[in-house]
Structure formats: structure tokens, C-alpha cells
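Chemist: The structure under discussion is supplied below as C-alpha cells; questions concerning it will follow.
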Amino acid sequence: MPGSQEFLFEGGRSGVLLIHGLTGTPMEMRLLGKGLANAGFTVHGVQLPGHCGSVEELVATRWQDWYGGVERAAERLRARVDTLFVGGLSMGAVLALALAAERPELVAGVGVYGATFRYDGWNIPAMAKLSFLLPLFKRLGIGRNRMFMEEPPYGLRDERIRAQVSASMLSGDSAAAGLPGNPWPALAEMHGLAAWVKPRLPKVVAPCLIAHAREDDIASLDNARLVA
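So the sequence shown is numbered by the working numbering: it starts at 7 and just counts up by one.
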């Protein structure tokens with residue numbers, strides 16, 4: 007795709023597909039990808055459709071487009087390796103679980119990192135916790151140009167890294183660190199994805215590694231408990 011930030015680290019016959027979060031970028035998965043590559047895996051960081059560009063490009067996509075991008079990337083990587091694992095961060099974890107539920111023949115294991123079915127962490131404003139209403143707003147055409155702006159710490163304890171990420175987000179270069187906020191229509195799509203995936207979680211037969219910060223500022227531990 008134009009302006010793609012995807013990465014591929016060649017390694018052995020076991021592959022890992024890494025999926026970034028909503029409004030994010032493959033760059034947020036790159037450090038994990040390098041670690042896995044150093045351990046001998048072939049690693050691909052996928053760029054979700056509509057991401058790493060403008061707000062308009064993002065809101066023109068639906069969750070089905072994001073899932074479709076993940077499924078196609080998984081099929082391509084599986085053709086190169088003998089065994090495929092998939093891991094995702096935040097909404098990317100939800101997409102990873104969706105793939106494991108719908109395509110069990112592809113997925114040997116799932117890394118579930120900070121799964122976000124709901125934005126209910128300690129740093130989420132009270133107004134944003136009402137985001138479950140956004141699918142209704144989208145159907146009514148309300149708030150197409152509105153965004154929930156992200157606030158520090160962005161899930162980062164290291165102040166130096168946090169400052170770098172903040173500067174990149176606010177620079178207007180969404181390919182570097184993602185958008186500085188979450189457009190209402192995109193959040194509505196995320197809620198649609200979560201609603202679709204939750205009843206399908208019992209279909210996930212691959213083993214899952216679930217990692218979730220106790221004090222996640224974006225998504226509470228209740229999100230991880232849904233998977234466990």
C-alpha cells in the first residue's frame with residue numbers, strides 16, 4: 007500500500023504476524039518484532055487499511071477492512087513458513103483473536119497484548135467511557151469530524167520515550183507514531199469489531215499468551231479477563 011510502514015524480518019520456518027492498534031502504526035510493534043527475529047522467527051508487521059495516513063483515510067474504512075488486511079497478511083506469511091503465530095497490541099490483539107477464531111487452521115498461537123474491547127482505563131475521560139454510544143452516533147451521522155484526543159502517558163512509563171512519541175504524534179506525521187486522537191467513526195468501528203469478536207472467543211483453540219498491565223491507562227484488566 008502507498009506509504010507503507012510494514013516491516014518483514016526474515017528468519018526461520020516459524021513466523022509471527024504482529025498487528026498494531028487503532029490509529030497506530032507498525033512502528034509500535036517493531037521492537038517486539040526485532041526481539042522475535044533475534045530469536046529466529048520470521049516476523050511481519052502488518053499495516054492496517056486506512057492507517058498511517060490522514061483522518062479521512064482512516065474513517066473511510068470499516069473494521070471488516072482491518073480484519074481483511076490481517077487475514078490477507080496472515081495467508082501471505084503462512085505461505086512462507088511452516089508454523090504461524092499472531093500477536094496484537096490493543097485493538098490489534100482483538101484482531102489477532104478474530105483471526106484465531108475464524109481461521110484456526112492458520113494460527114498456532116496468539117499473543118494478546120493489552121487487548122482493548124473497551125476503553126475503560128484509568129486515564130480515559132468520563133466522556134470517552136460513553137464511547138459505546140458511538141455506533142449509534144455514526145448511524146445518525148453525528149460527530150463524523152470529532153475526535154477523542156489522547157493524553158499522556160500513552161501507556162509509556164519512560165519519560166524520554168513518551169516525549170518522543172508525543173512529539174511525533176503532534177507533528178502531523180501519522181506514519182511515525184499514529185494519529186494524536188481517535189476519530190469517533192473509527193471508535194464506532196472498533197466497538198463493532200469488539201461486539202463481533204466477543205461471542206466468537208470460545209472458538210479460539212490456539213494457546214494464548216495474555217499480557218496486560220495492571221494499571222493500563224487505556225484498557226482495564228477486565229479486557230484481559232474476557233479472553234482468559
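Positions of the beta carbon are idealized from the N, C-alpha and C atoms, including for glycine.
By alpha-carbon positions, which one of Arg124, Met33, Glu195, Gly93 ends up nearest to Trp69?
Modeler: Start at 1 with the first residue of the sequence shown, and residue 69 comes out as number 63. For Trp69, the nearest C-alpha among the options comes from Glu195.
Chemist: Using a Cβ-Cβ cut-off of 6 Å (strictly less than) and excluding sequence neighbours within five positions of Phe91, which residues of its own chain qualify?
Modeler: By 1-based counting over the sequence shown, the position of residue 91 is 85. Around Phe91: Val22, Ala114, Gly115.
Chemist: Which same chain residues, not among the five before or five after Gly75, have their C-beta less than 6 Å away from its C-beta?
Modeler: The sequence position of residue 75 within the sequence shown is 69, counting from 1. Excluding positions up to five away in sequence, the list reads Leu54, Pro55.
Chemist: Tell me, which residues are paired with Ala217 by DSSP?
Modeler: Against the sequence shown, residue 217 aligns to sequence position 211. Its beta-bridge partners are Tyr119.
Chemist: According to DSSP, what are the bridge partners of Ile25?
Modeler: Here residue 25 is taken as the residue at index 19 of the sequence shown, counted from 1. Ile25 is bridged to Val52, Gly94.
Chemist: Look at the alpha carbon of Pro32 and the alpha carbon of Gly41, and state the distance between them as a whole number of angstroms.
Modeler: Along the sequence shown, one-based indexing puts residue 32 at 26. Along the sequence shown, one-based indexing puts residue 41 at 35. Straight-line Cα distance between these residues: approximately 15 Å.
Chemist: Quick check on the burial criterion: 16 or more other C-beta atoms within 10 angstroms. Buried or exposed for Trp128?
Modeler: By 1-based counting over the sequence shown, the position of residue 128 is 122. Exposed is the call here.
Chemist: Answer yes or no: do Leu24 and Gly39 have a C-beta to C-beta separation smaller than 8 Å?
Modeler: Here the question's residue 24 lines up with position 18 in the sequence shown. Here the question's residue 39 lines up with position 33 in the sequence shown. Going by C-beta atoms, Leu24 is nearer than 8 Å to Gly39.
Chemist: What do you get for Ala102, buried or exposed, if any count of 16 or more other CB atoms within 10 angstroms of its CB means buried?
Modeler: The residue labelled residue 102 in the question sits at position 96 within the sequence shown. Classification for Ala102: buried.
Chemist: What ranges does the beta strand (DSSP E) occupy inside the segment 180-209, keeping only unbroken runs of at least 3 residues that lie completely in it?
Modeler: 187-189
Chemist: Am I right that Phe15 and Thr67 are in contact with their C-beta atoms under 8 Å? What's the rounded C-beta distance?
Modeler: Translated into positions along the sequence shown, residue 15 becomes position 9. Translated into positions along the sequence shown, residue 67 becomes position 61. Contact doesn't hold; Cβ gap of about 26 Å is too wide.
Chemist: Are the Cβ atoms of Ala107 and Leu207 separated by less than 8 Å?
Modeler: In the sequence shown, the residue the question calls residue 107 occupies position 101. In the sequence shown, the residue the question calls residue 207 occupies position 201. Yes, they are a contact pair.
Chemist: Spatial neighbours of Glu77 within its chain, please: CB distance less than 7 Å, with the 5 preceding and 5 following residues excluded, ordered by chain position.
Modeler: Indexing the sequence shown from 1 puts residue 77 at position 71. These residues qualify, in order along the chain: Leu105, Arg109.
Chemist: Any idea what DSSP makes of Leu14, helix, strand or coil?
Modeler: On the sequence shown, position 8 is the one that residue 14 refers to. Leu14: strand per DSSP, three-state reduction.
Chemist: With a CB to CB cut of under 6 Å and the five nearest residues on each side skipped, what residues in its chain are close to Thr89?
Modeler: To locate residue 89, count along the sequence shown from 1; it is residue 83. Only Ser20, Ala114 meet the Cβ criterion.
Chemist: Just confirm the distance between the C-beta atoms of Ala121 and Asn44, as a whole number of angstroms; I'd bet it's less than 8 Å.
Modeler: Taking the first residue of the sequence shown as 1, we reach residue 121 at position 115. Taking the first residue of the sequence shown as 1, we reach residue 44 at position 38. Their Cβ separation, rounded to whole angstroms, is 25 Å, which puts Ala121 and Asn44 out of contact at 8 Å.
Chemist: Of the residues Met97, Arg86, Val65, Cys58, which one's Cα is nearest the Cα of Gly18?
Modeler: Counted from its first residue, the sequence shown places residue 18 at position 12. Among Met97, Arg86, Val65, Cys58, the Cα nearest to that of Gly18 belongs to Arg86.
Chemist: Taking the straight line between their C-alpha atoms, what separation do you get for His218 and Val233?
Modeler: Here residue 218 corresponds to residue number 212 of the sequence shown, with the count starting at 1. Here residue 233 corresponds to residue number 227 of the sequence shown, with the count starting at 1. Approximately 11 Å between the Cα atoms of the pair.
Chemist: Give me the Cα-Cα distance between Gly117 and Arg84, rounded to the nearest whole angstrom.
Modeler: As a position in the sequence shown, residue 117 is number 111, starting the count at 1. As a position in the sequence shown, residue 84 is number 78, starting the count at 1. Distance between the alpha carbons of Gly117 and Arg84: 17 Å.
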